[in-house]
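This report refers to the structure that appears directly beneath it.
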């Protein structure tokens, strides 16, 4: 009994110490003061201020002036026992724990409205035990000094509703253009449903998700006895009447992209907050300078740079944010052109082909779809490596015919492309519109050797073992990875993207859409994956027949050289012919005998002389002199062999 008494005394002493610590660390002294407006400062990874955003707020609400169904909607989905508990609801905690233990789907929280007010207004958004304990203590304190209606008023007047809107009055005006005293049941249900994930469920961007969540709220109102089933069945979904409020502060393309996620991660915490992002200040300035110095004329440009794990370190969504805040790196969907051939050739490798296999680079004369190569250049029978480096359109279509459109789409989906894709052969030439950031993710997967890669602007949150299991990446086979990197290296160093080549190993692909409406270069080097796009917002052709191997490749090269600390001067203009390699290796001339073409390979030279004839000039391998010979002897002339041409190949154009 004496030992038991000492144990009880020790436990009581420990409890008093814990309570004293909570009382000191929890902000009880300011829990009854007016609530400070929220603001978020986005910081780069190296602690530079990117943007600071205030909030859209309005006057507080009074519970007595609201229709009864407005607070009831919030209580039904967030805290049905609000008027009966003392700030913490043991029954709600037990119910949530039981649901989370046995449910394989979404999780439930056991926090009361009072606890949510304490967390959102007076504490940080971390999930430690200490924070939860302080939250409970503040909740008891609020319940002791405020009435239930006063707690509800504070909660409704300050909670976050998405779209940078805080408080019920501001949200009611923003989404429905009406005062909260006139909210209908469907409107109140939609607003109450937003609190689960305000940015993700904001009806301005996800109306279907907001309506589905509102339906759960009205069902909860039925279960709580606030409305009848007949009333619920007679309700129609709320209709939006969005009232835009000008943003009081300026930002950047990256800040606009990352801010919704930053707000969700921070929760409805009030006061000033600093949120660290993945952006690298030095690299971002290099990206902006590369776009600013480029000869774009009236065209727009976009750039995305990320690490192979998807951490975005630089983003430029246009030439001038002040003139246009439209983020072309994320919001614009444009045709990727030949950069889409990455998926075609990966599908070919999955089907068992290799870079040394042959494909016909000749006009397609059958079927209804008859694509042409850029400039009308055809090279005859060439390897997949040569076809990729030369960005042959007909070769890509022939490969898609062979492996199947569905398999090409499967590769694109595996590498993270979510945009709609056309299910026909034109897909091989990049005719489906894709955001630039998704294209960058796909190439980042090749750089990482695993897929999919998801672009993110905030450091990933720590996951439990189950979350890590669900988000595990798949790895490329070693053979497929080696082969696609071989092709990307050929395209960036010896093919159409040679203007982008750096001293370090460079991998990439050019893309040019019909009539030069889009010009793209995407690739990676030195642990950084970057995509550059230029084009006009009205989708009109770029002047001078711009191509991905021109200005985009040079922007990419100039930016990457600084980003990976490689001093590189601009390549001489005469080496930037996007088809230079093909002009050297595949010569076409008019000799008065009709069209002739010459192709080179490691075994010799083939001359197509027209009229179904080919002249083959094999290359003799040098042999060492026989023992005792006085020296090397002159080689005999190579034999000339006339062989019939492939009747299905067609005649190459000059």
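In the working numbering, the protein residues as written are -7 to 646.
Just so it is clear, CB atoms sit at the ideal spot from N, CA and C, and this is done for glycine as well.
C-alpha gap between residue i and residue j, whole angstroms
i	j	result
residue 61	residue 178	10 angstroms
residue 304	residue 312	20 angstroms
residue 56	residue 171	14 angstroms
residue 110	residue 274	39 angstroms
residue 83	residue 187	21 angstroms
residue 345	residue 483	18 angstroms
residue 42	residue 34	5 angstroms
residue 330	residue 382	10 angstroms
residue 350	residue 339	15 angstroms
residue 572	residue 320	Because the pLDDT at residue 572 is just 31, under 50, the model does not fix this residue reliably, and the value given afterwards should be weighed accordingly. If you take the alpha carbons of residue 572 and residue 320, they lie about 31 angstroms apart.
residue 228	residue 153	21 angstroms
residue -3	residue 74	38 angstroms
residue 180	residue 230	9 angstroms
residue 498	residue 288	24 angstroms
residue 279	residue 161	41 angstroms
residue 168	residue 158	15 angstroms
residue 328	residue 551	21 angstroms
residue 58	residue 468	58 angstroms
residue 140	residue 166	27 angstroms
residue 9	residue 63	38 angstroms
residue 136	residue 81	15 angstroms
residue 151	residue 293	38 angstroms
residue 452	residue 333	31 angstroms
residue 565	residue 277	Below a pLDDT of 50, predicted positions are generally treated as unreliable, and residue 565, at 42, falls in that range; the measurement from the model is reported next regardless. Computed Cα separation, rounded: 26 angstroms.
residue 717	residue 76	No answer is possible for residue 717: it lies beyond the span of the chain, which begins at -7 and ends at 646.
residue 217	residue 65	11 angstroms
residue 347	residue 207	54 angstroms
Cβ neighbour criterion (16 or more within 10 Å) applied to residue i
i	result
residue 620	Low confidence applies to residue 620: its pLDDT is 42, below 50, so where it sits in the model is not reliable enough to give any reading.
residue 36	buried
residue 531	exposed
residue -1	exposed
residue 284	exposed
residue 233	exposed
residue 68	buried
residue 302	buried
residue 149	buried
residue 443	buried
residue 78	exposed
residue 173	exposed
residue 210	buried
residue 542	buried
residue 525	buried
residue -6	exposed
residue 213	buried
residue 391	buried
residue 156	buried
residue 195	buried
residue 431	buried
residue 197	exposed
residue 470	exposed
residue 7	exposed
residue 249	buried
residue 362	exposed
residue 411	exposed
residue 225	exposed
residue 3	exposed
residue 519	exposed
Integer Cβ distance of residue i from residue j, believed to fall under 8 angstroms
i	j	result
residue 479	residue 549	Not really, about 19 angstroms apart at Cβ, beyond 8 angstroms.
residue 648	residue 341	Within the shown structure, residues of the chain are numbered from -7 to 646, placing residue 648 beyond reach of any answer.
residue 297	residue 496	That pair is no contact at about 16 angstroms.
residue 533	residue 509	6 angstroms
residue 421	residue 413	Contact doesn't hold; Cβ gap of about 12 angstroms is too wide.
residue 395	residue 343	5 angstroms
residue 192	residue 450	With a Cβ gap of about 14 angstroms, residue 192 and residue 450 do not count as contacting.
residue 300	residue 491	That belief does not hold up - the Cβ atoms of residue 300 and residue 491 are roughly 23 angstroms apart, past 8 angstroms.
Residue i Cβ short of 7 angstroms to the ligand PLP heavy atom set
i	result
residue 527	The ligand PLP is absent from the structure shown, which contains no ligand whatsoever.
Using a Cβ distance threshold of 8 angstroms, determine whether the segment 368 to 383 contacts the segment 307 to 324, with at least three qualifying pairs required. Judged by Cβ distances under 8 angstroms, the segment 368 to 383 makes no contact with the segment 307 to 324, as fewer than three pairs qualify.
Can you give, in chain order, each stretch of the alpha helix (DSSP H) that sits fully within the segment 281 to 369 and has at least 4 residues? Taking only runs of at least 4 residues, the alpha helix (DSSP H) segments lying wholly in the segment 281 to 369 are 333 to 342.
Starting from the N-terminal side, write out each stretch of the beta strand (DSSP E) that is 3 residues or longer and does not extend beyond the segment 372 to 426. Assignment of beta strand (DSSP E) within the segment 372 to 426, counting only whole runs of 3 or more residues, yields 372 to 375 in chain order.
Determine contact between the segment 397 to 404 and the segment 414 to 430, defined as no fewer than three beta-carbon pairs at a distance below 8 angstroms. Contact holds: three or more Cβ-Cβ distances are below 8 angstroms.
Answer yes if the segment 379 to 396 comes into contact with the segment 509 to 518, meaning at least three C-beta pairs across the two stretches below 8 angstroms, and no otherwise. The count of Cβ pairs closer than 8 angstroms, one atom from the segment 509 to 518 and one from the segment 379 to 396, stays below three, leaving the stretches out of contact.
Give the list of continuous alpha helix (DSSP H) stretches no shorter than 4 residues that lie fully inside the segment 473 to 514. Segments of the alpha helix (DSSP H) lying fully in the segment 473 to 514: there are none.
State whether the segment 245 to 259 contacts the segment 497 to 504, with contact taken as three or more CB pairs (one from each stretch) at a distance under 8 angstroms. Contact fails: fewer than three Cβ-Cβ distances are below 8 angstroms.
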